Amino acid sequence: MPDLKISEIFYSIQGESTYAGLPCVFIRLGGCNLRCNYCDAAYTWKEEKNQEIESILSTIDTFSCNLIEVTGGEPLIQKRTPELLTRLLEKGKTVLLESNGSIPIDKIPDGVIAILDVKCPDSSSGNSFHPDNLRLIRKRLQKSSGSCELKFVLSSKKDYLWARDFVIQHALTGLLPILFSPVQQRLTPPDLANWILEDILPVRLQLQLHAALWPDISRGV
Ligand code: SF4
């Protein structure tokens with residue numbers, strides 16, 4: 001079996017989910033099938049090294065942290081990612097998986113907290129959300145151990161209106177946590193906050209915590 005392609009493994013503060021603020025070990029996998037114009041992890045598109053799952057688990061053990069996030073790039077383009085997730089669960093870890101939403105989520109093991117992006121029009125990756133994933137999310141949430149969150153990263157008012165309509169059209173509020181996050185330098189948090197309040201939209205405004213904490217550090221945080 002081929003190894004996993006790894007970009008980096010590091011310890012930081014979780015910044016973009018309902019787990020934001022907690023210490024977390026990140027396994028950042030290499031490679032991505034999208035090219036978002038605000039990508040802050042573009043180095044993962046090419047820069048990667050092969051690492052066996054046993055070796056990744058040994059590295060994880062050195063951190064003594066129970067919260068682990070597998071991210072990318074896009075983790076689900078690698079066939080062995082579900083195996084890595086299963087092994088982490090077997091070690092008793094709380095496991096988050098961040099995916100860009102473009103790949104069906106049916107291979108993600110139960111027990112993993114799946115955090116899926118829905119790419120908005122001004123990301124340059126609009127229309128990438130896989131058409132099966134809304135059905136798979138509902139199926140996942142029916143299981144007692146199934147968990148999922150949806151994240152919209154917004155560049156503009158156009159993105160906000162698109163995301164708002166997506167959430168309403170698919171009756172997603174109340175079903176799972178919905179995260180609205182502004183792209184830094186494109187959309188101000190107060191503008192986004194005001195739009196959410198005006199629409200009385202039950203979504204969670206999310207700021208990129210790691211970017212606020214370490215604005216001058218572009219990786220490993
Ligand atoms: S999906 Fe994520 S890693 Fe891939 S290009 Fe978009 S922001 Fe970058």
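Taking the numbering used here, the leading residue of the sequence shown gets 1, the next gets one more, and so forth.
Glycine included, every Cβ here is placed at the ideal spot set by N, Cα and C.
Only a predicted model underlies this, so the values are computations on that prediction, with no experimental measurement involved.
Residue i by DSSP, collapsed to three states: which one?
i, result
"Leu-197", "helix"
"Thr-38", "Looking at the sequence shown, residue 38 is not Thr but Tyr. The answer is coil: DSSP assigns Tyr-38 none of H, G, I, E or B."
"Ser-58", "helix"
"Ala-171", "coil"
"Glu-149", "strand"
"Tyr-160", "helix"
"Lys-139", "helix"
"Asp-132", "coil"
"Asp-3", "coil"
"Asp-117", "strand"
"Leu-187", "coil"
"Ser-99", "strand"
"Asp-122", "helix"
"Asp-165", "helix"
Any heavy atom of the ligand GDP within a distance shorter than 7 Å of the CB on residue i?
i, result
"Leu-34", "Judged by which ligands are present, the ligand GDP is missing from the structure shown, whose ligands are the ligand SF4."
In angstroms, rounded to a whole number, what distance separates the CA positions of residue i and residue j?
i, j, result
"Asp-159", "Gly-31", "26 Å"
"Gly-126", "Val-118", "8 Å"
"Ser-58", "Gln-208", "29 Å"
"Asn-33", "Leu-4", "16 Å"
"Lys-79", "Cys-148", "21 Å"
"Asp-40", "Lys-93", "27 Å"
"Ser-156", "Glu-74", "24 Å"
"Val-61", "Leu-176", "It should be pointed out that residue 61 corresponds to Asp in this sequence rather than to Val. Taking the straight line from one Cα to the other gives about 31 Å."
"Asp-165", "Lys-151", "14 Å"
"Glu-48", "Glu-8", "8 Å"
"Pro-190", "Leu-197", "10 Å"
"Ser-12", "Leu-187", "25 Å"
"Asn-194", "Arg-140", "32 Å"
"Val-203", "Pro-215", "25 Å"
"Leu-201", "Thr-44", "34 Å"
"Arg-135", "Leu-76", "18 Å"
"His-210", "Ser-144", "31 Å"
"Cys-120", "Pro-182", "11 Å"
"Thr-223", "Lys-107", "This structure gives no information on residue 223, because the portion of the chain shown stretches from 1 to 221."
"Gln-142", "Ser-123", "31 Å"
"Gln-184", "Ile-53", "34 Å"
"Tyr-38", "Gln-51", "28 Å"
Who pairs with residue i in a beta bridge, going by DSSP?
i, result
"Ala-212", "Looking at the DSSP assignment, Ala-212 forms no beta bridge with any residue, so it has no partner."
"Cys-24", "Ser-12"
"Arg-204", "Leu-179"
"Leu-29", "Ile-6"
"Leu-154", "Pro-182"
Can you confirm whether residue i, when its beta carbon is compared against all beta carbons of chain D, has any partner nearer than 8 Å?
i, result
"Gly-21", "Among the protein chains of the structure shown there is no chain D, as only one such chain exists."
Start-end ranges of the beta strand (DSSP E) lying completely within the segment 41-95, minimum 3 residues: 49-51, 67-71
message: Closer than 8 Å is the cut-off here; do at least three beta carbon pairs connect the segment 81-100 with the segment 110-117?
response: yes
ask   = Counting pairs of Cβ atoms below 8 Å between the segment 17-26 and the segment 67-74, do you hit three or more?
value = yes
field: the segment 128-144 touching the segment 99-107, judged by at least three CB pairs closer than 8 Å
entry: yes
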